[in-house]
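Trainee: Structure provided below as structure tokens; questions to follow.
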Amino acid sequence: MARDGSVDVRDEAGPCPVCGAVEARPVLYGLPDVGIFDDLQRDAVFAGCTMPAVPHPYACAVCGSRWGA
Ligand SMILES: [Zn+2]
């Protein structure tokens, strides 16, 4: 559990399949509102506006690989 009581994405995602770091960040697609961008940027990874064919919900904060379905 995270400090705010929500489920920690790192618990949900588990360790990175590439480097094993438990540093998952949620991957967000599309552009958020400018006002919340800075807040979100600390805890999430922005994948841009182009939705890939197979979007991965988690990104490793250490090596940058993405995984999950
Ligand atoms: Zn990694």
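Our numbering applies: residue 1117 is where the sequence shown begins, and numbers increase by one. Each residue gets a CB set at the ideal place from its N, CA and C atoms; glycine is no exception. If you're wondering where the values come from, they're calculated on a predicted model, not measured in any experiment.
Is Val1125 near Pro1142, with beta carbons less than 7 Å apart?
Mentor: Reading the sequence shown from its first residue, position 9 is the one you call residue 1125. Reading the sequence shown from its first residue, position 26 is the one you call residue 1142. Contact: yes.
Trainee: Around ligand 1, which residues pass a check of Cβ closer than 6 Å to any of its heavy atoms?
Mentor: Residues with a Cβ closer than 6 Å to any heavy atom of ligand 1, in chain order: Cys1132, Val1134, Cys1135, Ala1137, Cys1176, Val1178, Cys1179, Ser1181.
Trainee: With DSSP as the reference, label Leu1144 as helix, strand or coil.
Mentor: Numbered from its first residue, the sequence shown carries residue 1144 at position 28. Residue state, collapsed to three classes: strand.
Trainee: If you measure between the beta carbons of Ala1137 and Tyr1174, is that distance less than 7 Å?
Mentor: The residue labelled residue 1137 in the question sits at position 21 within the sequence shown. The residue labelled residue 1174 in the question sits at position 58 within the sequence shown. In this structure, Tyr1174 does not lie closer than 7 Å to Ala1137 by Cβ.
Trainee: Please work out which residues of its chain come closer than 8 Å, Cβ to Cβ, to Leu1144, disregarding the five sequence neighbours upstream and downstream, and give them in chain order.
Mentor: The count along the sequence shown starts at 1 and reaches residue 1144 at position 28. Answer for Leu1144: Leu1156, Ala1160, Val1161, Phe1162, Ala1163, listed in chain order.
Trainee: Cys1132: buried (16+ other C-beta within 10 angstroms of its C-beta) or exposed?
Mentor: Translated into the one-based positions of the sequence shown, residue 1132 becomes position 16. The residue is buried, with at least 16 neighbouring Cβ atoms inside 10 Å.
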